[in-house]
Amino acid sequence: MSEPYEWDEATWRGRVNQVRAGRSLLPKAWPGGARCAVALSFDSDHETNELRDGGESPARLSWGEFGARRGIPRIRKVLDRYGAKASFFVPAVSALLHPEEQKSLADDGHEIALHGWIHERNAQVPADTERELMLRAADTLETITGTRPVGMRTPSWDYSDVTLKIARELGLLYDSSLFADDDPYEILDNGEATGIVELPVEWIRDDAVYFTMNRFGAQRPYTPPSDVLDIFRREFDGAYEEGGLFLLTMHPHITGYRSRIFILEELLSHITANGDCWIATHADIARYCAEESGLKE
Numbered sequence: 001m002s003e004p005y006e007w008d009e010a011t012w013r014g015r016v017n018q019v020r021a022g023r024s025l026l027p028k029a030w031p032g033g034a035r036c037a038v039a040l041s042f043d044s045d046h047e048t049n050e051l052r053d054g055g056e057s058p059a060r061l062s063w064g065e066f067g068a069r070r071g072i073p074r075i076r077k078v079l080d081r082y083g084a085k086a087s088f089f090v091p092a093v094s095a096l097l098h099p100e101e102q103k104s105l106a107d108d109g110h111e112i113a114l115h116g117w118i119h120e121r122n123a124q125v126p127a128d129t130e131r132e133l134m135l136r137a138a139d140t141l142e143t144i145t146g147t148r149p150v151g152m153r154t155p156s157w158d159y160s161d162v163t164l165k166i167a168r169e170l171g172l173l174y175d176s177s178l179f180a181d182d183d184p185y186e187i188l189d190n191g192e193a194t195g196i197v198e199l200p201v202e203w204i205r206d207d208a209v210y211f212t213m214n215r216f217g218a219q220r221p222y223t224p225p226s227d228v229l230d231i232f233r234r235e236f237d238g239a240y241e242e243g244g245l246f247l248l249t250m251h252p253h254i255t256g257y258r259s260r261i262f263i264l265e266e267l268l269s270h271i272t273a274n275g276d277c278w279i280a281t282h283a284d285i286a287r288y289c290a291e292e293s294g295l296k297e
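Under my numbering, the first residue of the sequence shown carries the number 1, and numbering increases by one thereafter.
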């Protein structure tokens, strides 16, 4: 294997162009004259954070169980208070452990979307295995909720060489795993337009980077919850000013605590106080962007 500094132009350009941002899909106007769109997402990893590494710690598994037992109910209470619909990205194993949670969320108008099989690091498994896991996960979520998922967030927030090919095979409407913009765009596959909408994520707009705790490692919560709220609020204010998309990622086992749930509460209070924001599921936002751009006709 040659060193990167030895690559010819075809090699480094090929690496860059494998998965690339295409045209912007930011619509000229949001539904109902809304100033901006708000996509709230919750990665319901639950026990799979421990299971995916082969872990057997009852304590670590109980941390994931907290997400289902206490985190989800608190999150739902806040969402219900503001009439907000959200997207829940659920590893299939989490869905199998907590099927009633997924059914109830779907029945309430929230979206259940793909997030791998067991929260595996998808870019590190063999290509055939990644495909089998993703297809099996889609079948599982459909069986539990009665609705075939139309979007995904890769469990590792990363792509392997075949991830995009699998997404295209599944006929997905959107992905939410990449970082190339603040606003929606079309994904390119080696320069070819795919028709898949990207709703980009960012670690800045993810609660896990501020609050993750690892007892035996270096990870420690280092940002006060009030500061995290300030960061999220500033990200929303920027999207509102530009008329774009504000997409937030939270985790039930992280934000679902008594000292943190106020972040979601106060953020939604701030968002709804404007009176002209469209809060919708990822699927609804991706569908609207696709229709307005002529991507899906």
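All C-beta atoms in this analysis are idealised placements derived from N, C-alpha and C, irrespective of residue type, glycine included.
This one's a predicted model, so the numbers in the text were calculated from it and none came from an experiment.
Over the uninterrupted beta strand (DSSP E) stretch that includes residue i, give me the two end residues.
i: V38; result: C36 to D43
i: T194; result: E192 to E198
i: S24; result: V19 to S24
i: T249; result: L245 to M250
i: I187; result: Y185 to D189
i: I279; result: C277 to I279
Below 8 angstroms CB to CB, which residues in the same chain sit around residue i once its five sequence neighbours on both sides are set aside?
i: A180; result: R20, A21, E198 and P200
i: L305; result: Past the boundaries of the shown model lies residue 305; the chain is included only from 1 to 297, so the question cannot be answered.
Locate the alpha helix (DSSP H) running through residue i, then write down its first and last residues.
i: A59; result: P58 to F66
i: A290; result: H282 to S293
i: S87; result: First-last for S87: S87 to V90, but that is the beta strand (DSSP E), not the alpha helix (DSSP H).
i: I261; result: I261 to A273
i: K28; result: Taken as a continuous stretch (DSSP letters only), K28 belongs to no alpha helix (DSSP H), as it is neither H nor E.
i: R52; result: Taken as a continuous stretch (DSSP letters only), R52 belongs to no alpha helix (DSSP H), as it is neither H nor E.
i: D8; result: From DSSP, D8 is part of no alpha helix (DSSP H); its letter is neither H nor E.
i: Y82; result: I72 to Y82
Which whole-angstrom value is the C-beta distance of residue i and residue j, which I expect to be below 8 angstroms?
i: P91; j: P155; result: 6 angstroms
i: E301; j: S94; result: Lying before the first or after the last residue shown, residue 301 is absent from the chain, which here runs from 1 to 297.
i: I263; j: P225; result: 6 angstroms
i: G244; j: C36; result: 6 angstroms
i: I261; j: R74; result: 5 angstroms
i: A286; j: L173; result: 5 angstroms
Excluding the 5 residues flanking residue i on each side, which residues of the same chain have their C-beta closer than 7 angstroms to its C-beta?
i: N190; result: N17 and Q18
i: D230; result: none
i: E298; result: The structure shown does not extend to residue 298, since the chain is modelled only from 1 to 297, so the question has no answer here.
i: C289; result: L25, P27, P184 and V197
i: A167; result: M152, D175 and I196
i: E120; result: R52, L133 and P155
i: T145; result: Q102, K103, A106 and I112
Starting from the C-beta of residue i, find all residues in its chain whose C-beta is less than 6 angstroms away, skip the five residues before and the five after it, and write them out in chain order.
i: T281; result: K85, S87 and E111
i: Y210; result: T223 and V228
i: A127; result: V162
i: P99; result: I144
Comparing the CB of residue i with every heavy atom of the ligand SAH, is any distance shorter than 7 angstroms?
i: I204; result: Among the ligands in the structure shown, none appear at all, so the ligand SAH cannot be discussed.
Review point. Between the segment 2-15 and the segment 247-260, do three or more beta carbon pairs fall short of 8 angstroms?
Key: Contact check between the segment 2-15 and the segment 247-260: fewer than three CB pairs, one atom from each, fall below 8 angstroms, which does not count as touching.
Point to revise | Touching by the beta-carbon criterion (3+ pairs, under 8 angstroms), the segment 237-251 and the segment 206-224 | key: These segments touch.
Check your understanding: Using 8 angstroms as the threshold, is the segment 72-83 in touch with the segment 50-60, meaning 3 or more CB pairs across them?
Key -> They do not touch, by the three-pair rule.
Practice item. For the segment 97-182, list the alpha helix (DSSP H) runs that are entirely contained and at least 4 residues long, ordered along the chain. Key: Secondary structure in the segment 97-182: the alpha helix (DSSP H) runs of 4 residues or longer, each lying completely within the stretch, are 99-107, 127-145 and 163-170 in chain order.
Point to revise | Sequence ranges, alpha helix (DSSP H) only - wholly within the segment 204-241, length at least 4 | key: Every alpha helix (DSSP H) of 4 residues or more that sits fully in the segment 204-241 is shown, in chain order, as 208-211.
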